[in-house]
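Undergrad: Could you have a look at this structure, given as structure tokens, before my questions?
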């Protein structure tokens, strides 16, 4: 399992429209093969900042099944117009505790 974390800064005044477009695009992302879970969070101290969390089977599932397909184009067409700047996107893996 891989966790994609995307830090998204939205143009001031676009927050509600961004949320509406995210809700419309959610099925496009969530229905991608290899996508296990999608969650969008919004900043309390910085209400124009959002964090997208997506659990993928692998980085390859994200890249090949989403980023390199028309799904990504649909997704980006919906939400991209609200970006203040390009999102910062990274992938993470779980750190398991050392149990002895």
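Numbering (full-length UniProt numbering), first residue to last: 1 to 100. In this text, a Cβ means the ideal position worked out from N, Cα and C, and glycines have one as well.
What is the rounded straight-line gap between the Cα of residue 72 and the Cα of residue 50?
TA: Indexing the chain shown from 1 puts residue 72 at position 72. Indexing the chain shown from 1 puts residue 50 at position 50. About 18 Å.
Undergrad: Relative to the alpha-carbon of residue 57, which residue among 37, 46, 48 has its alpha-carbon at the smallest distance?
TA: Along the chain shown, read from residue 1 onward, the residue named residue 57 stands at position 57. The shortest Cα separation from residue 57 among 37, 46, 48 belongs to 37.
Undergrad: What residue does the beta strand (DSSP E) around residue 88 start on, and which one ends it?
TA: Here the question's residue 88 lines up with position 88 in the chain shown. Element bounds for residue 88: 88 to 92.
Undergrad: Where do the ends of the alpha helix (DSSP H) carrying residue 60 lie?
TA: Residue numbering aside, residue 60 sits at position 60 when the chain shown is read from its first letter. 59 to 62 is the extent of the alpha helix (DSSP H) around residue 60.
Undergrad: Where do the ends of the alpha helix (DSSP H) carrying residue 23 lie?
TA: For the purposes of this step, residue 23 is taken as residue 23 along the chain shown, with counting starting at 1. Taken as a continuous stretch (DSSP letters only), the alpha helix (DSSP H) holding residue 23 covers 15 to 30.
Undergrad: Taking residue 52 as the reference, give the member of 93, 13, 89, 94 with the closest Cα.
TA: If you number the chain shown from 1, residue 52 lands on position 52. Considering only alpha carbons, the answer is 89.
Undergrad: Would you call the segment 76 to 83 in contact with the segment 33 to 47, where contact means no fewer than 3 C-beta pairs closer than 8 Å?
TA: The segment 76 to 83 is not in contact with the segment 33 to 47.
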